[in-house]
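The numbering of the sequence shown is my numbering, which starts it at 50 and goes up by one. All residues carry an ideal CB built from backbone N, CA and C; glycine is no exception. Every value quoted in this text rests on a predicted model; they were computed, and no experiment measured them.
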Amino acid sequence: MSTNDVVLSGISAVLVLLVVTACAPKGGKSSVNASGGGAVVTACVLPVTEANTIQGHWATTPAKVSLHVGDFDPSEVNAIQAGGASWNTFFQASKSFNMFDMGPPGGGNISSNAQSTPTCGSGTLADGTVLYKRFSNWTHNAAAIAVTTTCFTPNNNGGLATIFNAIMEFNYVNFYVASAGRFPDMQSIAVHELGHLLGLDHTCGPLGRPNQAKPFTACPDVNADPNNPVIATVMFPQVFFDPSGAGEVKQILTADDQGRANCAYTPGN
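Here it is in structure tokens:
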């Protein structure tokens with residue numbers, strides 16, 4: 050599910066990770082090996098069903114990611130940085146560069162910038178993309194665990210739009226706290242949202258800007274088709290919780306995630 054805004058010369062695309070509470074076994078918490086494994090995809094691979102799911106790319110890498118001062122505790126910082134490391138490890142193997150500048154290990158880059166929306170009317174901010182906890186006044190869908198809002202400059206020659214600013218917000222009103230009773234895996238959420246930040250839309254479902262008017266493929270029914278490989282991707286738009294309220298663990302980039310990420314950073318795109 051996406052909503053969109055046009056702000057001055059930039060396009061602000063809101064990308065959300067939605068929650069689904071599942072009762073069937075496929076909704077249980079998965080046991081994913083955090084070390085990954087398997088061959089790295091080094092080519093641009095874009096399935097026909099995901100033809101319009103690349104939103105844009107950064108002109109310069111690594112893209113700086115900062116944490117809003119005082120928002121995240123040490124365990125959360127480590128989880129977010131581990132999410133960034135997943136993408137950096139992949140891009141180093143595939144493209145020989147780091148996708149993100151996540152800052153010093155265990156501390157991160159810190160920003161005091163206060164933003165409710167990203168700055169789409171000027172150039173890239175010195176602090177880069179800032180991550181925020183929202184404990185109150187959550188203005189997005191209540192079922193959204195996290196939201197990444199990204200500013201683009203459209204490409205008038207048919208290529209990918211250029212990302213130049215963004216913010217990332219975590220919903221501590223409806224998740225993560227005892228009163229909510231649902232506790233997403235922070236590293237899994239970070240991997241997903243950082244996928245949006247680098248330019249990927251969801252693997253299925255309605256598209257965000259600048260592709261919102263293009264055809265999309267509906268997401269598979271997890272009950273009728275639980276083994277569909279799209280469901281295993283980190284960019285699948287739904288998260289499942291076990292009866293205790295623990296969110297599934299999905300920290301490993303699949304071949305689909307890797308192939309699409311390559312497409313976003315293939316010269317000429």
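Assignment of Asp122 by DSSP, reduced to helix, strand and coil, places it in the coil class. Rounded to whole angstroms, the Cβ separation of Trp187 and Asn223 is 7 angstroms, and the two are in contact under 8 angstroms.
For Gly132, the closest of Gly208, Asn206, Thr178 and Gly244 by C-alpha to C-alpha distance is Gly244. Its Cα nearest to that of Thr252, the residue Pro269 stands out among Glu297, Pro269 and Ser237.
Residue ranges of uninterrupted alpha helix (DSSP H) with 4 or more members, entirely inside the segment 121-203 and ordered along the chain, are 123-144. Between the C-alpha atoms of Val283 and Ser165 there is a straight-line separation of about 26 angstroms. The way I'd put it, the segment 297-317 does touch the segment 95-103; three or more beta-carbon pairs between them come closer than 8 angstroms. Between Glu218 and the set Gly248, Lys182, Val226 and Ala239, the nearest pair of CA atoms involves Lys182. In the DSSP assignment, Glu218 falls within the beta strand (DSSP E) that extends over Ala210 to Asn220. Under DSSP, Val114 takes part in a beta bridge, and its partners are Thr178.
Annotation for Gln307: the continuous alpha helix (DSSP H) segment containing it runs Ala304 to Ala313. In this chain, the alpha helix (DSSP H) harbouring Val279 covers Pro278 to Ala281.
The C-alpha of Gly294 lies about 13 angstroms from the C-alpha of Ile194. Here the alpha carbons of Ala273 and Pro154 stand approximately 42 angstroms from one another. In chain order, Ala304, Gln307 and Gly308 place their CB closer than 6 angstroms to the CB of Val90, counting only its own chain and leaving out the 5 sequence neighbours on each side.
The beta carbon of Val94 sits closer than 6 angstroms to those of Gly308, all from its chain and outside the five residues before and after it, given in chain order. DSSP, read as helix, strand or coil, puts Ala295 in strand. Of the candidates Thr211, Ala215 and Gly152, Ala215 places its Cα closest to the Cα of Thr199. With contacts defined as CB atoms closer than 8 angstroms, Gly172 and Phe213 qualify as a contacting pair.
Rounded to whole angstroms, the separation of the alpha carbons of Asp234 and Phe184 is 17 angstroms. For Val288, the enclosing beta strand (DSSP E) has its first and last residue at Gln287 to Phe290. Distances from the CA of Val118 to each of Ser135, Ser160 and Gln300 were compared; the closest alpha carbon is that of Ser160. Taking C-beta separations shorter than 7 angstroms and ignoring five residues to either side along the sequence, Asn276 has no partners in its chain. Distance from Thr202 to Thr211 at the Cβ level is roughly 5 angstroms; contact confirmed, criterion being Cβ atoms closer than 8 angstroms. Rounded to the nearest whole angstrom, the C-alpha separation of Pro96 and Gln300 is 22 angstroms.
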